[in-house]
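Numbering (the UniProt record's numbering), first residue to last: 1 to 356.
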């Protein structure tokens, strides 16, 4: 078999560091894409974990044909055999699980492709779209039984994902930057260190580290889908910082409304994050979307986006409400399933067609 370990003619997907010609798959949806013509295809892959086992998928010609856990150590995995060598196939091998900063032993390294045949470049995409978000953008709940509630990595998937569907419909390459349970001002548990702004500029989802080269992949659109966990924090216990012992808690008033000071924190966080994203993506359309799991903060998120526009004069930033998930729209873990993701993709696609 031939070995491709320099990634020639292969599209590298996602924010994927290349270390000594090996691909470190960090974020959901990271991986490789190429055209393959031959009889047999495999990979050499290295993985490890303590708690959250990484999973990968194989998509051939747009069809999802393999979903598998990455075993510990270095392994050769033959994925396809007996193909007609005269037929070309679009191949994507992608990491399905999100970055796991709370399990430092969880990792995936794609060492090389193994194949009998030839690897060819895919056509260039028309656009580049980055999706920034929480568990929804990590694809939590897109696989698994509807009543399944274990927080385990097999229940994450980017197949049938709203961002992937949007990108497909717009002939766009996509990237997913996301963390389950995190928000723009705090996480679902009021933890102020569980925010996307803290890792947005990091290649490896490391808090406070700004090592990503935004010039290496310039987005035409950045879609931000955050706010769901900030809203959930109003109904969660307080968080005590283990180092400073400071206590954080978003609080509901007696009438069930949100405390004004907490709304101010959320709005300031939105405005600050938009400024960061604009700094890093000077030419992109910035679209804040919200609503796939309730509309609680919708009014305030829209106000924050409008205040950002008024303050900065940025004419390429906007807010877009999405459809709430109901009934058959749910997947596992009480998260949006295929129906909900498809509906949101339709809304975002239609909107982006108007502005790009």
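In this text, a Cβ means the ideal position worked out from N, Cα and C, and glycines have one as well.
C-beta atoms of residue i and residue j nearer than 8 Å
| i | j | result |
| --- | --- | --- |
| residue 338 | residue 225 | no |
| residue 186 | residue 192 | yes |
| residue 43 | residue 93 | yes |
| residue 51 | residue 103 | yes |
| residue 245 | residue 287 | no |
| residue 276 | residue 197 | yes |
| residue 115 | residue 171 | no |
| residue 175 | residue 15 | yes |
| residue 284 | residue 169 | no |
| residue 24 | residue 5 | no |
| residue 189 | residue 148 | no |
Backbone secondary structure at residue i - three-state DSSP
| i | result |
| --- | --- |
| residue 116 | strand |
| residue 306 | helix |
| residue 45 | strand |
| residue 15 | coil |
| residue 322 | coil |
| residue 196 | helix |
| residue 354 | helix |
| residue 208 | coil |
| residue 125 | coil |
| residue 317 | strand |
| residue 329 | helix |
| residue 154 | helix |
| residue 201 | coil |
| residue 348 | helix |
| residue 3 | strand |
| residue 109 | strand |
| residue 373 | What the structure shows of the chain is the stretch from 1 to 356, and residue 373 is not part of that stretch, so it cannot be assessed. |
| residue 338 | helix |
Residue i, buried or exposed, once every other Cβ within 10 Å from all chains shown has been counted against 16
| i | result |
| --- | --- |
| residue 292 | buried |
| residue 113 | buried |
| residue 299 | exposed |
| residue 270 | buried |
| residue 331 | buried |
| residue 81 | exposed |
| residue 95 | buried |
| residue 350 | exposed |
| residue 183 | buried |
| residue 247 | exposed |
| residue 209 | exposed |
| residue 18 | exposed |
| residue 8 | exposed |
| residue 301 | buried |
| residue 151 | exposed |
| residue 2 | exposed |
| residue 207 | exposed |
| residue 54 | buried |
**Prompt:** Would you call the segment 249-258 and the segment 281-291 in contact, with 3 or more CB pairs under 8 Å?
**Reply:** no
**Any 3 or more C-beta pairs closer than 8 Å across the segment 112-131 and the segment 64-74** = no
**Message:** Ignoring anything shorter than 3 residues, give me the beta strand (DSSP E) runs that lie fully in the segment 226-309, in order along the chain.
**Reply:** 285-290
**Item:** Cβ contact check for the segment 124-141 and the segment 231-245: 3 or more pairs under 8 Å
**Value:** no
**Asked** In chain order, which beta strand (DSSP E) runs of at least 3 residues are fully inside the UniProt domain "Carbohydrate esterase 2 N-terminal" (14-99)?
**Response** 22-24, 31-48, 55-60, 63-69, 73-80, 89-95
**Prompt:** What runs of the beta strand (DSSP E), each 3 residues or longer, lie entirely inside the segment 163-187?
**Reply:** 172-178
**Prompt:** With contact counted as at least three CB pairs below 8 Å, one residue from each stretch, are the segment 275-284 and the segment 194-201 in contact?
**Reply:** yes
**Message:** Three Cβ pairs or more, each shorter than 8 Å: is that satisfied between the segment 24-36 and the segment 210-219?
**Reply:** no
**Request:** May I ask you to verify whether the segment 333-350 touches the segment 136-151, counting CB pairs closer than 8 Å and requiring at least 3?
**Result:** yes
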